[in-house]
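Just below is one structure, and these are the notes that go with it.
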Amino acid sequence: MDQQTASPLAEQTDPYQTVPNQPPPLRDYDSFAADEALVEAVSRHGGRGSLDSLSALGRLAGSAKALAWAEKANAHPPVLRTFDRYGNRIDEVEFHPAWHRLMDAAVSHGLAGAAWIGGPAAHVTRAAGFMVWSGTESGHGCPISMTYAGVAALRADPEVDPTWEPGLTSHIYDFGLRPASEKAGLVCGMAMTEKQGGSDVRANTTRAVPLDAAGEYLLTGHKWFCSAPMSDLFLVLAQAPDGLTCFVVPRVLSDGTRNPFLLQRLKDKLGNRSNASAEVVFDRTWGRRLGPEGRGVATIIEMVGMTRLDCVSGSAALMRRAVAEATHHAAHRRAFGSALIDKPLMQNVLADLAVESEAATALAIRLAAAFDDDGEGEADRALHRLGVAVGKYWVTKRAIAVAAEALECLGGNGYVEESGMPRLLREAPVNSVWEGSGNVNALDVLRALSREAEAAQALIGEAALARGADKRFDAALLELEGALSRLRESDQDGAEFQARRLVERLATVLQGSLLLRFAPSPVADAFCASRLADGGATFGTLPPGVDAKAIVERARPLFG
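For the sequence shown, the working numbering begins at 176 and goes up steadily by one.
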């Protein structure tokens, strides 16, 4: 065929080889350095010395390989292996190699128990790292968080085996069921919840029979939820002769034999699919008492505070990832003649999401600092005790709404699994359910307000540091102070009926104070206008006069 008779199609490029108007993947960037709100929060709370190490973690978290690990760990969830090929009971869980890479990175960067070793701003640095890494994949954060919190529980009893803490605070991830003495690093899980009790752990029926006076018991019972069943040791609640008691239960005993730990099934969950959650039966399972008999709840209370802090940090991480993806998409996607990020209505939506994300970040790091800073004394400790329950209630619920709205910013692309947004949306509710649902946390706040006057004083004192900075904030703070005053005069049923409303106001006033003191004025102004004054019911309802463009530019990862 000569040139004149050649088909015109031969000279055309394949239209399917070029896809215009699509954003580049958000990967191979420093996800910590790209989060200005987090960098500033770490710096102001004494963690400037950790900025380089957090950037190293941020580069890994934003890398293509780490994001691929996250995808694979969720596409190939754990598998229960109840028996070996010969019919012997083994009760093991098999994970995809990607899970182990995620766990290894988390432990080696000190996100498990290493903060307890000490150092300047150790818990602030650890909280920031947990946020950075959780933005990549959240499921494996469950055993990482429980290991972190488990150290706090073990320290409640000076007579507990001293060989466990060094393993939990190690920077080495050492997977496999072996005696703790033979491992370079340990991971902690927990088994509290039972079918008939749920969050009402006092309804537990698992029995603990003492073996001798040295604190050894045999446990028998059925746990409805055992988190991370391949961990090395577990915190377990059971009924001892003198009441509900906490126990440390290892998977493998010191002589190398396996403790009876019968895995009945793995839970098929809405999200958190990379992580194994099991239903487990104890059948004369050996445990070491942690704390005195009958004081099980009091023994684990410090642990609950630390895991709730991680619920706040983990939810803030989900928000940040969602906002980063939404703003990145909008910056590179064009519609009706210009980039989405330049459309006024899209700017409103993105700015509203960014404000929520920054408020969550500021609160999470402030709560970590309250635990870190022993120099502030009891006031900071009281702020931590009340503030964690307040933040756990509010931030975990807002994360669900943020994930859903950010997904919609990507349109149909966001609804497709490959975008990663559906995983964020499925993951978001877990932190609201874990360590007590919204009602449980709201009631815990009421209980703290009624029993610990210093807790309310500490929170109001922290919030009042911004008094005079904004009239809308001042009005909200005055209203809150009045509500707390009336609470002391209210009947119990009336106070409980209003508990969620009160906790929401506590959270937003505290967040408003932090933003007024530390965030750029466009962010603080938008928060006060929409959260403390006349806000809309959905994202994208910021009032006129808000500098949405400045807020979005601050939140957008400058990549590509």
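All C-beta atoms, glycine included, are put in the ideal place defined by N, C-alpha and C.
Source: prediction; values computed, not measured.
**Asked** First and last residue of the beta strand (DSSP E) that includes R398?
**Response** Counting from one through the sequence shown, the residue named residue 398 turns up at place 223. The amino acid at residue 398 is misidentified as Arg; the sequence shows Lys. For K398, the enclosing beta strand (DSSP E) stretches over residues E391 to S402.
Measuring straight from C-alpha to C-alpha, what distance separates L653 and A708?
Within the sequence shown, residue 653 is the residue found at index 478, counting from 1. Within the sequence shown, residue 708 is the residue found at index 533, counting from 1. Cα to Cα, L653 sits roughly 13 Å from A708.
Next on the checklist: To the nearest angstrom, how far is the alpha carbon of M736 from that of G512?
Outcome noted: Nothing can be reported for residue 736, as the shown portion of the chain is limited to 176 through 735.
* What residues in its chain sit with their C-beta under 6 Å from that of N606, if we drop five residues either side in the sequence? -> Locating residue 606 in the sequence shown gives position 431, counting from the first residue. Here the set comprises C486, G489, S490 and T571.
- Query: Taking Cβ to Cβ, would you say V620 is nearer than 8 Å to A564?
  - Reply: Residue numbering aside, residue 620 sits at position 445 when the sequence shown is read from its first letter. Residue numbering aside, residue 564 sits at position 389 when the sequence shown is read from its first letter. Taking 8 Å as the Cβ cut-off, V620 and A564 qualify as a contacting pair.
- request: Compare the C-beta of A501 against all C-beta atoms of chain C and say whether one is closer than 8 Å.
  value: This model lacks chain C altogether, as it is built from one protein chain only.
Review point. Taking DSSP as the reference, what is the three-state secondary structure of P695?
Key: Translated into positions along the sequence shown, residue 695 becomes position 520. In this structure, P695 counts as coil in the three-state DSSP scheme.
Distance, R598 Cα to M176 Cα: Residue 176 sits at position 1 when you count from the first residue of the sequence shown. Residue 598 sits at position 423 when you count from the first residue of the sequence shown. Low per-residue confidence applies at M176: pLDDT is 44, beneath 50, and the placement is therefore not dependable enough to give any value.
Flag this pair as touching only if the region 521-528 and the region 278-288 have three or more C-beta atom pairs under 8 Å; answer yes or no.
Verdict: no, contact absent.
- Message: Between which two residues does the beta strand (DSSP E) holding C363 run?
- Response: Within the sequence shown, numbered from 1, the residue matching residue 363 stands at position 188. Here the beta strand (DSSP E) through C363 covers C363 to T368.
**Report entry** Status (buried if at least 16 other CB within 10 Å, exposed otherwise) for K567
**Finding:** Start at 1 with the first residue of the sequence shown, and residue 567 comes out as number 392. Flag for K567 reads buried.
Q: Could you pull the start and end residues of the alpha helix (DSSP H) that V307 belongs to?
A: The residue labelled residue 307 in the question sits at position 132 within the sequence shown. Per DSSP, V307 is one residue of the alpha helix (DSSP H) stretching across A297 to S309.
Exercise for review: Could you tell me which uninterrupted alpha helix (DSSP H) segments, each at least 4 residues in length, are contained entirely in the region 227-300, listed from first to last along the chain?
Suggested key: Qualifying alpha helix (DSSP H) stretches, in chain order: 239-250 and 272-283.
Open item on the list: When you compare the CB positions of R426 and F436, do they come within less than 8 Å of one another, or not?
Closed with: For this step, residue 426 is matched to residue 251 along the sequence shown. For this step, residue 436 is matched to residue 261 along the sequence shown. R426 places its beta carbon less than 8 Å from that of F436.
- Task: Express the C-alpha separation of V254 and F693 in angstroms, rounding to a whole number.
- Result: Mapped onto the sequence shown, residue 693 falls at position 518. Mapped onto the sequence shown, residue 254 falls at position 79. One Cα belongs to F693, the other to V254, and the distance between them is close to 46 Å.
*Taking just the CA atoms, how far does A545 sit from L133?*
Lying outside 176 to 735, the shown extent of the chain, residue 133 is not represented and no answer is given.
| query | Taking Cβ positions, are L277 and A248 nearer each other than 8 Å? | reply | By 1-based counting over the sequence shown, the position of residue 277 is 102. By 1-based counting over the sequence shown, the position of residue 248 is 73. For L277 and A248, yes; Cβs fall inside 8 Å.
So is E454 buried or exposed if we call it buried at 16+ other beta carbons inside 10 Å? In the sequence shown, counting from the first residue as 1, residue 454 sits at position 279. Within 10 angstroms of the beta-carbon of E454 lie 16 or more other beta-carbons, which makes it buried.
Can you tell me which of the three DSSP states G550 falls into?
Numbered from its first residue, the sequence shown carries residue 550 at position 375. Model confidence at G550 stands at a pLDDT of 46, short of 50, so the residue's coordinates are unreliable and nothing is read from them.
Whole alpha helix (DSSP H) runs in the region 642-690 with 4 or more residues, listed along the chain? Residue ranges of uninterrupted alpha helix (DSSP H) with 4 or more members, entirely inside the region 642-690 and ordered along the chain, are 646-662 and 667-672.
For P467, tell me which candidate among A413, Q192, L441 and D443 has the shortest Cα-Cα distance.
The sequence position of residue 467 within the sequence shown is 292, counting from 1. A check of alpha carbon separations from P467 across A413, Q192, L441 and D443 identifies A413 as the nearest.
* To do: Determine which residues share a DSSP beta bridge with T464 and list them.
  => Reading the sequence shown from its first residue, position 289 is the one you call residue 464. With the sequence shown as reference, residue 464 is identified as Arg, and Thr is not the correct amino acid for it. In the DSSP assignment, the residues bridged to R464 are F422.
8 Å CB neighbourhood of K370 in its chain, flanking five on each side removed
Against the sequence shown, residue 370 aligns to sequence position 195. When the five nearest sequence neighbours on each side are left out, the beta carbons in the same chain lying within less than 8 Å of the beta carbon of K370 are those of H397 and W399, in order along the chain.
- Message: Please state whether the Cβ-Cβ distance between A641 and G687 is less than 8 Å.
- Response: For this step, residue 641 is matched to residue 466 along the sequence shown. For this step, residue 687 is matched to residue 512 along the sequence shown. A Cβ-Cβ contact shorter than 8 Å links A641 with G687.
With burial defined as no fewer than 16 other Cβ atoms inside 10 Å of the residue's Cβ, what is the status of E637: buried or exposed? Sequence index remark: in the sequence shown, residue 637 carries index 462 (1-based). So E637 counts as buried.
- prompt: Got a sec? Which residues, its chain only, sit under 6 Å from A290 by beta carbon, not counting five neighbours each side?
  reply: Walking along the sequence shown from the start, residue 290 turns up at place 115. Cβ neighbours of A290 beyond the five flanking positions: A297, H298 and R301.
Next on the checklist: Bridge partners for P385 per DSSP, in chain order?
Outcome noted: Translated into the one-based positions of the sequence shown, residue 385 becomes position 210. BP columns for P385 point to Y392.
I need the DSSP call for F409, collapsed to helix, strand or coil. Against the sequence shown, residue 409 aligns to sequence position 234. The answer is strand: DSSP assigns F409 an E or B state.
Worksheet entry | Nearest-angstrom Cα separation, counted from A273 out to L232 | To locate residue 232, count along the sequence shown from 1; it is residue 57. To locate residue 273, count along the sequence shown from 1; it is residue 98. The straight-line gap from Cα to Cα measures roughly 17 Å.
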